[in-house]
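Numbering (our numbering), first residue to last: 136 to 349. What follows is a single structure, written as structure tokens, with notes after it.
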Ligand code: AMP
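Structure, rendered in structure tokens:
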């Protein structure tokens, strides 16, 4: 199953991604996670990406596209993959089409998580992430059993640097301008699966799984 997860910041992409990759046994490719990993390690890529991420802006296409192209060549992508946070511009979408057609592959579905702006800000601000395993929580809606500690691995939870009100608002604006055109791009290709992302996480996943089948 070759899937893309589209949606504004705070739509629940990370949460749904965890459930989808578990159900379909495919790798989770999150460009945001790749950048955060590079920032943690202090690589050149991480340093460059952080300048944009902290401002709520997109990292330039030329930095992102080659990373995804390389990642898709890896052995574990043979049976499929879930792209989360990529593509984010029409240019990235076209680059992805090119690389997939060179590999003789086709996308199966593009899942579009749709959520209103008011809900998005609250979701992003309350988001907490495990430093060790990346599991996503929300202080109000999906809190861990013990405050600040991951249920899955016992790691410490933290807030992303770019989950402040100001940066989230900027990221939503950037999403409308630069990423939203991809919705029509994939709708025209007949790949789009519109999902109401304002429901609770289990109902959303149920709807996705029903549409994708097994
Ligand atoms: P995410 O974890 O998907 O919310 O991404 C966090 C940040 O990483 C974004 O706000 C961007 O600055 C950067 N980023 C992640 N994926 C991309 C992408 N495909 N294109 C450009 N920037 C990206």
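Virtual Cβ for every residue (Gly too), placed ideally from N, Cα, C. All of these numbers come straight from a predicted model, not from anything done at the bench.
About 14 Å separates the beta carbon of residue 151 from that of residue 276, a gap too long to meet the 8 Å contact definition. Annotated as proximal: residue 227 and residue 199, with beta-carbon spacing under 9 Å. In the three-state scheme derived from DSSP, where H, G and I count as helix and E and B as strand, residue 285 is classed as coil. Going by DSSP, residue 340 is part of the alpha helix (DSSP H) stretching over 336 to 347. Secondary structure in the region 244 to 315: the beta strand (DSSP E) runs of 3 residues or longer, each lying completely within the stretch, are 244 to 249, 262 to 265 and 271 to 273 in chain order. Boundaries for residue 221: no alpha helix (DSSP H) harbours it, and the DSSP string shows neither H nor E there.
Annotation for residue 161: no alpha helix (DSSP H) segment contains it, and DSSP assigns it neither H nor E. For the set 306, 315 and 269, the Cα lying nearest the Cα of residue 288 is the one of 269.
For residue 304, the closest alpha carbon among the candidates 291, 323 and 259 is that of 259. By the CB criterion at 9 Å, residue 221 and residue 162 fall outside the cutoff. Excluding sequence positions up to five before and after residue 283, its CB lies within less than 7 Å of the CB of 291 and 292, all in the same chain and listed in chain order. For residue 168, the secondary structure class from DSSP, reduced to helix, strand or coil, is helix.
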